[in-house]
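In UniProt numbering, the protein residues as written are 1 to 302.
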C-alpha cells in the first residue's frame, strides 16, 4: 500500500442551462400573449372601435341631459348616483362579451383547434380572459374620464376608497367572466345568444343601477342581493358618492364586507364550475359537428 493516498479528482460542477417552463406554464404565457394581441386588434378594427365607444358615448349623453334631475330626500343628482352604478354594470357586462366570444369561437372551429393542442384549452381561456378583461378596463376608462368632467359631485376620498376602486373591478371580473364562459358553453349557437342575455338583463333590471334598490319590493331587493351586479354597483357607488348617500341603500350603509364576500363567492363558484363546463363543451366538438354547422349556415344564407 502506498504511504500517500491518491488524491480524489475534484468534481466539475454541472453547468445548468436556462430553466425551461413546463407545458402548462408555457400555455398560460402563450394565452396571455394571444390575449394582448386580440386586445390590440380590437382597438385597431373599425367595428370593434364602434362597440368600445358607442355605448359609453350614449350613456354619457343621457347622463349629461339628466344631470340636474334629483331623486330622494338626499337630493342627489341622477347622474351622480347613476354613473358609479353604470361603471359596475359595465364590469358585469363582461358576462355577455365572454359568452358571445366563446360561442363564436366554438362555431368557427377555434375551440376545436385549441382542444387538439396539448394544454391548448388552458391557453385559449387565458387569452380570452386577458382580452375581455383588458377591454372592460379600457371601457371603464372611456366612460369614467369624461364622466368625471360631465357629472358633478363624484370624488374619491381617502385610502379606503382608492383600495375599493382597485379590488372591486378585479373581484367583479373574477365573479362575472366565469359566468359568461359557462353561458357561452351552454349556448347552442350565436342565434341563441339572445336567450342567454336575458338572465343578465334581468340582473341589471333589479340591481339598483339607475335607481335605489330600496324603491323595489322587498322580494326583488333580496333577489338583487343574490346577483353580482348589485354588489358591483354598490361598491362603485361607495367609492364616488359621499357617505350620506348610503342612506338610500339597504341598511343605510355601503356594506363593503358583504360586497366582497358575495363577489368572492361568485368568483369561487365560477372558477370551479367554468373549467368543467368548458372541458365538456370542448369534448363535444368534432369535425363533423363543425361541418354540420357550416352547412346549416350556408342553407340559411341561400
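The beta-carbon is built from N, C-alpha and C at its ideal position, and this holds for glycine as well.
Beta-bridge annotation (DSSP): residue 77 is paired with 70.
Non-local beta-carbon contacts of residue 122 in its own chain, meaning distances under 8 angstroms to residues more than five positions away in sequence, involve 24, 27, 28, 31 in chain order. Its chain contains 178, 181, 182 as the residues whose beta carbon lies nearer than 6 angstroms to that of residue 274, once the 5 sequence neighbours on both sides are disregarded; these appear in chain order. Non-local beta-carbon contacts of residue 258 in its own chain, meaning distances under 8 angstroms to residues more than five positions away in sequence, involve 231 in chain order. Excluding five sequence positions before and after residue 167, the CB atoms of its chain that fall closer than 8 angstroms to its own CB belong to 260, given in chain order. Using a Cβ distance threshold of 7 angstroms, residue 236 and residue 84 count as a contacting pair. Residue 99 places its beta carbon less than 7 angstroms from that of residue 184. The region 169 to 249 is shown to contain whole alpha helix (DSSP H) runs of 4 or more residues at 193 to 205, 218 to 224, 228 to 240, in chain order. For residue 78 against residue 87, the beta-carbon gap comes to about 15 angstroms, at or over 8 angstroms, which does not count as contact. Secondary structure at residue 253: coil, using DSSP grouped into helix, strand and coil. Note on geometry: alpha-carbon atoms of residue 58 and residue 269 lie some 34 angstroms from one another.
Residue 117 sits in coil when the DSSP states are folded into three classes, being neither helix nor strand. Assignment of residue 103 by DSSP, reduced to helix, strand and coil, places it in the helix class. Residue 61: member of the alpha helix (DSSP H) spanning 46 to 65, first to last residue.
From the listed residues 281, 280, 283, 271, the smallest Cα separation to residue 126 is found for 271. Here the alpha carbon of residue 55 sits roughly 11 angstroms from the alpha carbon of residue 49.
Residue burial is scored here from C-beta neighbours: residue 90 has at least 16 other C-beta atoms within 10 angstroms and is therefore classed as buried.
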